[in-house]
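First the structure, in the form of structure tokens, and then the observations on it.
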Amino acid sequence: MTLPAVLHFLPYGVAIWLAVVGLFGLTRSRNFIHLTLCLTILQASTYLLLLSVGYRTGGQPPIARGATAAPFVDPIVQALTLTDIVVGATVTALLLSMAVQLHNRGVSLDPESEKPFRK
Amino acid sequence: MSRRVRLIVMLIFAPAFAALLGWAVAGLEPFGTTVTAYATTVESVAPREQQISNIVASVVYDIRAFDSLGEEMILFASVSGVVLLLRERRGKRAHSASRSIEATDLVRLTALVWTVLAVAYGVFLAGNGHLSPGGGFQGGVATLAALVLFYLAAGTRRMQRFAPTTAVEALESAGALGFLAIGCGGVIAGSAFLFNWLPAGKFGSLDSAGVVPLISFAVGMEVAAGFALLLSEFAQQLEQ
Chain A
-6 MTLPAVLHFL
4 PYGVAIWLAV
14 VGLFGLTRSR
24 NFIHLTLCLT
34 ILQASTYLLL
44 LSVGYRTGGQ
54 PPIARGATAA
64 PFVDPIVQAL
74 TLTDIVVGAT
84 VTALLLSMAV
94 QLHNRGVSLD
104 PESEKPFRK
Chain E
-13 MSRRVRLIVM
-3 LIFAPAFAAL
7 LGWAVAGLEP
17 FGTTVTAYAT
27 TVESVAPREQ
37 QISNIVASVV
47 YDIRAFDSLG
57 EEMILFASVS
67 GVVLLLRERR
77 GKRAHSASRS
87 IEATDLVRLT
97 ALVWTVLAVA
107 YGVFLAGNGH
117 LSPGGGFQGG
127 VATLAALVLF
137 YLAAGTRRMQ
147 RFAPTTAVEA
157 LESAGALGFL
167 AIGCGGVIAG
177 SAFLFNWLPA
187 GKFGSLDSAG
197 VVPLISFAVG
207 MEVAAGFALL
217 LSEFAQQLEQ
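Chains A and E supply the protein sequences, listed in that same order.
FYI, the numbering for the first sequence is -6 to 112, going by our numbering.
FYI, the numbering for the second sequence is -13 to 226, going by our numbering.
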């Protein structure tokens, strides 16, 4: 199976795009909830990068029982990704609860209304 | 730094950053051909020595269980942080039941049927992770889906009765402590912390893979209970 050269780069290209867009959103954000979502996008780029590195053409899932002779896709990167998706969700919840707390205290959700950005 | 300056800096450095990443990626092997020595080793060792079928679970709950313990502690700390931050204000304002949403009968019936199925599926995923795709992290999240459905159907107050906060907190701690206790079992058995000290069993049977199903179950318990706490804290914010 041969893929065109563009398709070889595509998964990595999307991962780079997500990383840059996430970073861009972080610097331009005017709302803490938006900021948190930008952070999750940045995080998603690492998942895509890891899984792309671990993919093997014609590979099968790394389950030994009933496996055929085909190679396994890389189990290490899958293990890294799966724990981080779950743990990342709780960290996102922590950041969002900070936003809730700011709102409850009547503070603006705009990061630029506070130090170090406020003049 | 003003917004304008920041935009200019970003417009210069974001493409530069992308180009650097692209350069790094160009040095990788072509897509679909990367074979690392670590992966090859794990793929041969896990089924043979641990009698474990799901190699991903072998990495998460056995070979790199120490890393998973660290991840678990991040999860535990984040959930504690959320609870600390959001619970602080509770009780300062009187609860008003008027703002809670009442579900229609159709939503209630459908949600309750699916709650049962989701709990069963979550427990299956957490307990069967060493044989087929799944494991504690996935199983915990699937079990949480059941709680979300229950919340949709019954509202906050009845969810408090169905899953009281103290019980959920106890379950979460039991999950974390269980992981640590199983890890200490390795030390007691005369080897390293988190050593797979139980007999490996017969390949493909439910009691194979030693401590992997136990750790997986403990993780599932902690993930489900942790997310349930998050859900109830955020839900109570809505009702204030």
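Glycine included, C-beta positions come from ideal geometry on N, C-alpha and C.
Computed from a predicted model, the values in this text were never measured in an experiment.
Here L73 of chain A is buried, its C-beta having at least 16 other C-beta atoms within 10 Å. According to DSSP, N40 of chain E shares a beta bridge with A:I56. Rounded to whole angstroms, the separation of the alpha carbons of V11 of chain E and H1 of chain A is 11 Å.
For E107 of chain A, the closest of A:R23, A:A12 and A:G52 by C-alpha to C-alpha distance is A:R23. Going by C-alpha positions, S38 of chain A is about 25 Å away from L130 of chain E. Any Cβ of chain A closer than 8 Å to the Cβ of E208 of chain E would place that residue at the interface, and such an atom is absent.
Taken atom to atom, the span from the alpha-carbon of V42 of chain E to that of V28 of chain E is near 9 Å.
In chain order, V42 make up the part of chain E whose C-beta sits under 7 Å from the C-beta of Q71 of chain A. Here Y24 of chain E is exposed. Its C-beta has fewer than 16 other C-beta atoms within 10 Å.
For S90 of chain A, the chain E residues whose Cβ falls inside 8 Å of its Cβ are G67, V68, L71, L72, E219 and F220, in order along the chain. Under a 10 Å Cβ-count criterion, T152 of chain E is classified as exposed, with fewer than 16 other Cβ atoms of the shown protein chains found around its own Cβ. Comparing alpha-carbon positions, the option among E:G8, E:E208 and E:E15 lying closest to G121 of chain E turns out to be E:E208. Cβ contact annotation for L95 of chain A (same chain, cutoff 7 Å, sequence separation greater than five): F25 and L102, in chain order. Under the DSSP definition of a beta bridge, F213 of chain E lacks any partner. Between V46 of chain E and T76 of chain A, the C-beta spacing is below 8 Å. Three or more beta-carbon pairs separated by less than 8 Å link the region -12 to 4 of chain E to the region 6 to 19 of chain A, which places the two stretches in contact. DSSP links F123 of chain E through a beta bridge to no other residue.
Interface annotation, V46 of chain A: in contact with chain E, CB-CB separation under 8 Å.
With a beta-carbon spacing of about 5 Å, V154 of chain E and A214 of chain E fall inside the 8 Å limit used to define contacts.
Within chain A, the residues F17 and T20 have their CB atoms less than 7 Å from the CB of M(-4) of chain E, given in chain order. The Cβ-Cβ distance between G113 of chain E and F203 of chain E falls below 8 Å. Within its own chain, the residues whose Cβ lies closer than 6 Å to the Cβ of L42 of chain A, once the five positions on either side in sequence are excluded, are A8, listed in chain order. Classified as exposed, R34 of chain E has fewer than 16 neighbouring CB atoms from the shown chains inside 10 Å of its CB. Of all residues in the region 127 to 145 of chain E, only V127 place a beta-carbon less than 9 Å from a beta-carbon of chain A. Residue burial is scored here from C-beta neighbours: F165 of chain E has at least 16 other C-beta atoms within 10 angstroms and is therefore classed as buried. The three-state reading of DSSP puts F65 of chain A in strand, counting E and B together. When C-beta distances to chain A are compared with 8 Å, the residues of the region 96 to 127 of chain E below that value are L117, S118, P119, G121, F123, Q124, G126 and V127, in chain order. At a cut-off of 8 Å, the C-beta of S159 of chain E has no neighbouring C-beta in chain A. Neighbours of T61 of chain A in chain E, taken as residues at a C-beta separation under 7 Å, are lacking, since the least C-beta distance is about 14 Å. Proximity of chain E to I56 of chain A at the Cβ level (cut-off 9 Å) is accounted for by S39, N40, I41, V42, L117, S118 and P119, in chain order. Restricting attention to E:G161, E:I168, E:R(-10) and E:N40, the CA atom closest to the CA of A60 of chain A is found in E:N40. With the criterion set as a beta carbon lying under 8 Å from some beta carbon of chain A, the members of the region 180 to 214 of chain E are F189, G190, V209, G212 and F213, in sequence order. By the beta-carbon neighbour count (other beta carbons within 10 angstroms, threshold 16), P55 of chain A is buried. The Cβ atoms of F123 of chain E and V205 of chain E lie closer than 8 Å to each other.
Taking a contact as a CB-CB distance under 8 Å, the pair E158 of chain E and V68 of chain E does not count as one, their CB atoms being some 12 Å apart. Residue nearest to A221 of chain E within the set E:P16, E:Q36, E:L(-7) and E:L72 is E:L72 (criterion: CA-CA distance).
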